Structures are given as structure tokens and as C-alpha cells.
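Colleague: Its first residue numbered 274, the sequence shown is counted upward by one per residue in the numbering used here. Quick reminder that beta carbons are idealized off the backbone N, C-alpha and C, glycines included. What you are looking at is a predicted structure, and each value in this text was computed from that prediction instead of being measured. Have a look at this one before I ask anything.
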Amino acid sequence: MGRFGRWVMSAIASQPFYLFRSADGGMSQSQCSRLARWSVPLCDLGPVREEDVRDVRGEFPRIDERYAGRRHASAYCALRVNSARADFQAVAHVHGSDFQVDHFSFGEEASVSEPVFVSRRSSAPRDAGWLLALAWRPDWTASRLAVFKAGHVPDGPVAMIHLPQRVPDGFHGSFVSDVFLASNSAA
């Protein structure tokens, strides 16, 4: 191995990816995804190593974006608890040290978006903040924005904001602070 070591990446992987059409035009029936870790040599032509860490029916992992590209201790994702449905019903916290998964489910008929991490403030410790996720259930007339305390996902939302209508499944977003907006609007 070269003197520069290896680059290690953890992600959720599906084979084949169930949301895309296969080469014959049909939809994949696979709903199995897994937490995986890839290790890539930085300087030599050594092998790329792939390790399956845990089976999980999740997708759209997010981290505290302030630590993108660096070691992180937590990830958050949308999780499928009802294997008969293609969408996601829960918000999950994946612990980076041992890849344990804690989650909060909105029910088997719910639809949940990817959770987005929002830090408490720019100088807050790692993973100190909230998760925002859109949720909808058939017994609700509209979507709700669920606010979780990061690191305490199984405790459920600390707040639910009732939106005036249903937000379509598949809606994606990111959080940008007002400080960032103000500093970039002057440029």
C-alpha cells in the first residue's frame, strides 16, 4: 500500500437500484438495499474493497453537511418499514461507529421524504441540530413538516408543521441558512 493510505466511503447501495429501469425496460423488483463501505487506495493501484455492513431498506442518506468529505459519526435517511410499498415510511438515524439503525415510523401507509440536517448554529458541535422531513399519511389532508432532534430520532418529532396541501412524493430539498443567503446576495 502507498504511503497515503486509503479513502473510505460509506453509503447505501442497491443492486440493481430499484427506482431505475433495467436494461430490458422493466422496473427492478429489488427492494433490498444495504449499508456498504468502499475503501479506495489513494496512491497505488491496489484493489478497491467493498464491504457489506448491514441490510437496510433505506435511501437518500444525509449527514451534517459541515463535515462533508470528512469522518462523520451519524447519517440520516428515509427508511422503508412496509416492504409491500415502494416509498418510505420512517426517518432513520444510522450510527457511524457500529452502523446501528434507530428510526421513527409514521405508519405503514405513510410517505416520508429524505431528512435534511440543519445545525443549531454554524459553530454548534457535530450533529447538534434538527432533522426536517416531509411526511404524509392517508388520514391527513395535507403534508406535515416533521422536526426531529438529531440523534434522538426514535423519540419522534419535537414539532409538526401542518402545511396547506400535500407535497408530492419525491420532492427534494436542502437547507440554507439566512446568513449564507445574505452573504451571497451581496456578491
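Nearest-angstrom Cα distance between E382 and E338?
Modeller: Near 30 Å, if we compare the C-alpha coordinates of E338 and E382.
Colleague: What does the Cβ neighbour count give for A351, buried or exposed, with the cut at 16 atoms within 10 Å?
Modeller: Buried, because 16 or more other Cβ atoms sit within 10 Å of the Cβ of A351.
Colleague: Answer yes or no: do S347 and D400 have a C-beta to C-beta separation smaller than 9 Å?
Modeller: A contact, by the Cβ cut-off of 9 Å.
Colleague: Given 8 Å as the limit, tell me if A284 has its C-beta closer than that to any heavy atom belonging to the ligand ATP.
Modeller: By its list of ligands, the structure shown contains no ligand whatsoever, and the ligand ATP lies outside what it can speak to.
Colleague: Anyone know if the C-beta pair for R310 and M282 falls short of 9 Å?
Modeller: Contact: yes.
Colleague: Check each candidate in D442, G402, P441 and G278 and name the one with the smallest Cα separation from C316.
Modeller: Per the Cα distances, G278.
Colleague: For M274, I'd like the list of residues in its chain whose CB is within less than 8 Å of its CB, leaving aside the five on either flank, ordered along the chain.
Modeller: Because the pLDDT at M274 is just 42, under 50, the model does not fix this residue reliably, and the value given afterwards should be weighed accordingly. Same-chain partners within the cutoff: P314, D317 and G319.
Colleague: If we call anything under 9 Å between Cβ atoms a contact, is W403 one with V385?
Modeller: Cβ atoms of W403 and V385: not closer than 9 Å.
Colleague: Between L308, Q438 and P437, which lies nearest to G369 when the distance is taken from Cα to Cα?
Modeller: Selected option, being the one with the closest Cα: L308.
Colleague: Out of P430, L405 and P437, which one is the CA nearest neighbour of A415?
Modeller: Ranking the options by Cα distance to A415, first place goes to P437.
Colleague: Hey, V420 and P430 are a contact pair by Cβ (cut 8 Å); roughly how many whole angstroms apart?
Modeller: Between P430 and V420 the Cβ distance is about 6 Å, and since that is below 8 Å, they are a contact.
Colleague: Please return the same chain residues whose Cβ sits closer than 7 Å to the Cβ of W280, not counting the five positions on each side in sequence.
Modeller: Counting only Cβ-Cβ distances below 7 Å, and skipping sequence neighbours, we find V313 and L315.
Colleague: Less than 8 Å between the CB atoms is what I'm expecting for F390 and I336, so what's the real figure, rounded?
Modeller: Correct: roughly 7 Å between the Cβ atoms.
Colleague: Using C-beta distances below 8 Å, list every residue in its chain close to V326, excluding the 5 sequence neighbours before and after it, in chain order.
Modeller: Answer for V326: S283, R307, L308, A309, R310 and F372, listed in chain order.
Colleague: Assign S456 to one of three DSSP states: helix, strand, or coil.
Modeller: Helix at S456.
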